[in-house]
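Enquirer: Could you have a look at this structure, given as structure tokens, before my questions?
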Amino acid sequence: MLLKDKTAVVTGSSRGIGKAIALRFAAEGAKLAVACVRNLDKAEAVAQEIRDSGGEAITVQADVSARGDAERMVAEATQAFGRIDIMVSNAGIVIDRAFVDSTDDDWHAAIETNLRGFFNVTRAVLPQMIERGQGRIIATGSLITDVADLGQNRFSVCAASKGGIIALMRPIAAEVARHGVTVNAVSPGYIATEMLGEIDAGGLEQVLAMVPMRRYGKPEEIAAAMAFLASDDAAYITGQTLRVNGGIAMG
Ligand code: NDP
Numbered sequence: 000m001l002l003k004d005k006t007a008v009v010t011g012s013s014r015g016i017g018k019a020i021a022l023r024f025a026a027e028g029a030k031l032a033v034a035c036v037r038n039l040d041k042a043e044a045v046a047q048e049i050r051d052s053g054g055e056a057i058t059v060q061a062d063v064s065a066r067g068d069a070e071r072m073v074a075e076a077t078q079a080f081g082r083i084d085i086m087v088s089n090a091g092i093v094i095d096r097a098f099v100d101s102t103d104d105d106w107h108a109a110i111e112t113n114l115r116g117f118f119n120v121t122r123a124v125l126p127q128m129i130e131r132g133q134g135r136i137i138a139t140g141s142l143i144t145d146v147a148d149l150g151q152n153r154f155s156v157c158a159a160s161k162g163g164i165i166a167l168m169r170p171i172a173a174e175v176a177r178h179g180v181t182v183n184a185v186s187p188g189y190i191a192t193e194m195l196g197e198i199d200a201g202g203l204e205q206v207l208a209m210v211p212m213r214r215y216g217k218p219e220e221i222a223a224a225m226a227f228l229a230s231d232d233a234a235y236i237t238g239q240t241l242r243v244n245g246g247i248a249m250g
């Protein structure tokens with residue numbers, strides 16, 4: 000088991016990629032805080048699935064864009080498990096609109112949820128990791144920071160928020176490396192989740208033709224990369240972005 004007796008918080012794990020990460024981490028022996036903002040019933044179902052398999056899991060409701068919620072989430076998980084070894088900042092939204100049509104609300108939503116969400120949860124959990132001299136922080140990035148021209152070209156605002164995560168992740172990694180904490184990102188390509196349903200279908204057909212593997216990724220394939228980065232095997236890897244995208248951004 001890669002994560003035996005570790006404790007982990009996975010934001011956005013009520014469904015999609017985060018759910019797959021939570022289930023994989025639990026299968027690898029970790030205790031899980033399954034976190035989300037609206038669909039608490041779905042988060043509870045994920046936690047129950049973990050408990051039914053003999054694991055330990057709690058659910059936490061928190062809006063990652065709100066500093067107080069992020070701090071409470073970390074406090075609740077720490078109280079339940081004694082410490083947090085792994086924080087996966089995965090909660091996110093997609094904005095699918097041409098830049099010229101984008102609104103202040105689009106900008107606010109993408110930056111607050113995606114970028115500030117990473118800022119909030121990382122800042123909330125880092126002190127205890129630094130104090131213990133160990134920890135893993137992993138953010139979910141996106142292929143949209145690697146590939147500007149995806150055919151439909153409607154992700155500029157979202158790319159700014161995800162690019163901000165990658166830009167912020169590296170100097171934090173440098174700052175905390177000497178304290179035994181690693182900070183990395185996994186950047187998914189197009190992964191078959193509910194989020195794909197929010198993207199224009201015509202655009203998606205074009206995109207698949209650009210993916211060398213000619214298929215969407217599975218949430219479990221992102222979870223596998225996350226499990227590796229969260230494990231002791233990845234102790235000497237920090238400040239890196241692991242692209243899991245069927246080859247779409249290999250250049
Ligand atoms: P989904 O839309 O399926 O799930 C999003 C998750 O994020 C849900 O658990 C949702 O909670 C949670 N969430 C949304 N807003 C907030 C918030 N403000 N506070 C806390 N939680 C929140 O998305 P995916 O699983 O597809 O995506 C997961 C991550 O992967 C995102 O960061 C996304 O940007 C990234 N990604 C996804 C790609 C894809 O093709 N699917 C491609 C590239 C990146 P609730 O259920 O309560 O609403």
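Residue numbers (numbering that gives the first Met the number 0): 0 to 250. No residue lacks a Cβ here, since even glycine has one placed at the ideal position from N, Cα and C.
When DSSP labels each residue in this structure, what does V33 get in the three-state scheme?
Expert: Residue state, collapsed to three classes: strand.
Enquirer: Indicate whether at least one CB of chain B lies closer than 9 Å to the CB of D62.
Expert: Looking for chain B here will not work: only one protein chain is present.
Enquirer: Measuring only the C-alpha atoms, how far is D104 from R96?
Expert: Answer to the nearest angstrom: the Cα atoms are 12 Å apart.
Enquirer: Report yes if the C-beta distance between F98 and S141 is below 9 Å; otherwise report no.
Expert: Cβ distance not < 9 Å, so F98 and S141 don't count as in contact.
Enquirer: Measuring from the CB of T58, is there a heavy atom of the ligand NDP at a distance below 8 Å?
Expert: Checking every heavy atom of the ligand NDP against the Cβ of T58, none is found closer than 8 Å.
Enquirer: Cα-Cα, which of A42, R37, E75 and V175 is closest to L22?
Expert: The candidate whose alpha carbon is nearest that of L22 is A42.
Enquirer: Starting from L125, trace the alpha helix (DSSP H) both ways and give me its first and last residue.
Expert: Start and end: G116 to R131.
Enquirer: So I20 is in the alpha helix (DSSP H); what residue range does that whole segment cover?
Expert: Its alpha helix (DSSP H) spans residues G15 to A26.
Enquirer: Could you name the residues that DSSP lists as bridge partners for A147?
Expert: Note: A147 sits in no beta bridge, so no partner.
Enquirer: In angstroms, rounded to a whole number, what distance separates the CA positions of A200 and Q151?
Expert: Between A200 and Q151, the C-alpha separation is close to 10 Å.
Enquirer: Once DSSP output is grouped into helix, strand and coil, what is the label at I136?
Expert: I136: strand per DSSP, three-state reduction.
Enquirer: Does the Cβ of S52 have 16 or more other Cβ atoms within 10 Å, making it buried, or fewer, making it exposed?
Expert: Result: exposed.
Enquirer: Would you identify the three-state DSSP class for S160, choosing helix, strand or coil?
Expert: Helix.
Enquirer: Enumerate in chain order the residues of its own chain whose CB-to-CB distance from E193 is below 8 Å, with the five nearest sequence positions on each side excluded.
Expert: Cβ neighbours of E193 beyond the five flanking positions: R14 and G15.
Enquirer: Just the C-alpha distance for V87 and G67, rounded to the nearest angstrom, thanks.
Expert: Their backbone Cα atoms lie some 18 Å apart in a straight line.
Enquirer: Rounded to a whole number of angstroms, what is the C-alpha to C-alpha distance between L39 and V59?
Expert: Going by the C-alpha atoms only, they are around 8 Å apart.
Enquirer: For the ligand NDP, any of its heavy atoms closer than 8 Å to the Cβ of D4?
Expert: Not so, every heavy atom of the ligand NDP lies at least 8 Å from the Cβ.
Enquirer: Rounded to the nearest angstrom, what separates G91 and I165 at their Cα positions?
Expert: Rounded to the nearest angstrom, the two C-alpha atoms are 14 Å apart.
Enquirer: Would you report the Cα separation of A34 and I83, rounded to the nearest angstrom?
Expert: Using only the alpha carbons, I get a separation of about 14 Å.
Enquirer: Taking only three categories from DSSP, how would you classify M0?
Expert: The answer is coil: DSSP assigns M0 none of H, G, I, E or B.
Enquirer: For Y235, count the other beta carbons within 10 Å of its own beta carbon; 16 or more makes it buried, fewer makes it exposed. Which is it?
Expert: When all chains shown are included, Y235 counts as exposed.
Enquirer: Please check the pair R135 and A74, which I expect to be a contact at CB under 8 Å, by giving their CB distance rounded to whole angstroms.
Expert: Actually they are not in contact, since the Cβ atoms of R135 and A74 sit about 19 Å apart, beyond 8 Å.
Enquirer: Report all residues from its chain with a CB closer than 6 Å to the CB of L1; omit the five preceding and five following residues, and keep chain order.
Expert: Cβ within range, chain order: E27, A226 and S230.
Enquirer: Using the Cβ count rule (16 or more neighbours within 10 Å means buried), how would you classify D251?
Expert: Residue 251 lies beyond the stretch modelled for the chain, which goes from 0 to 250, so this question has no answer here.
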